[in-house]
Amino acid sequence: MANNIRQAVGRSHTVLASAARTATPDTEELEVPAGAKFGVFVLDATAAADTPSVTMKIEGVDRTSGKVWLLLEDAAVTGVATSTLKIGPGLTAAANEVANDFLPPVIRITCTHADADSITYSVGAHFS
15 MANNIRQAVG RSHTVLASAA RTATPDTEEL EVPAGAKFGV FVLDATAAAD
65 TPSVTMKIEG VDRTSGKVWL LLEDAAVTGV ATSTLKIGPG LTAAANEVAN
115 DFLPPVIRIT CTHADADSIT YSVGAHFS
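Residue numbers (the working numbering): 15 to 142.
The following block contains the structure:
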């Protein structure tokens, strides 16, 4: 699995375009727009076959050491559903939904598949 490294252009960014997937795609690393303190990350599953399971994880990335740390991970999406993760200082933390934390300059977004069942989804990132 490779890392795709991109700079988020503007305040809204398509991380993964809508597509049917049966395996964990490459991770996406985004350079957060300058001045952004808050991030909302949306996984929108629009079709599913059998019993798929995909989990979205947001990590901070330290480009100096190459180390990553967990910011937030959602509960598994197992069918047609929308999962939203929110990260920002001063937010009321909620397990698998909201993290009271700052956005580092670089984040990594990973969508991990538990099996090979097909699920169609997109992932968007929004910053403010």
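Glycine is no exception: its CB is placed at the ideal position from the N, C-alpha and C atoms.
Taking the Cα positions, residue 42 is about 14 Å away from residue 140.
Within a 10 Å sphere around the beta-carbon of residue 94 sit fewer than 16 other beta-carbons, which makes this residue exposed. Look at the segment 50 to 119 and you find these whole runs of beta strand (DSSP E), each 3 residues long or longer: 53 to 62, 68 to 75, 82 to 87, 95 to 101. The three-state secondary structure of residue 20, taken from DSSP, is strand. In this chain, the beta strand (DSSP E) harbouring residue 136 covers 133 to 141.
Assignment of residue 25 by DSSP, reduced to helix, strand and coil, places it in the coil class.
Listed in chain order, the non-local C-beta contacts of residue 110 below 6 Å within the same chain comprise 88, 89, local neighbours out to five positions each way being set aside. Of the other Cβ atoms in all chains shown, 16 or more fall within 10 Å of the Cβ of residue 97; this residue is therefore buried. A distance below 8 Å separates the beta carbons of residue 33 and residue 134. Only residues of its own chain outside the window of five on either side were considered, and among them 131, 132 have a CB closer than 6 Å to the CB of residue 63, listed in chain order. Here the alpha carbon of residue 29 sits roughly 20 Å from the alpha carbon of residue 66. According to the DSSP assignment, residue 41 belongs to the beta strand (DSSP E) that extends over 41 to 45. Under the three-state reduction of DSSP output, residue 31 falls in the strand class.
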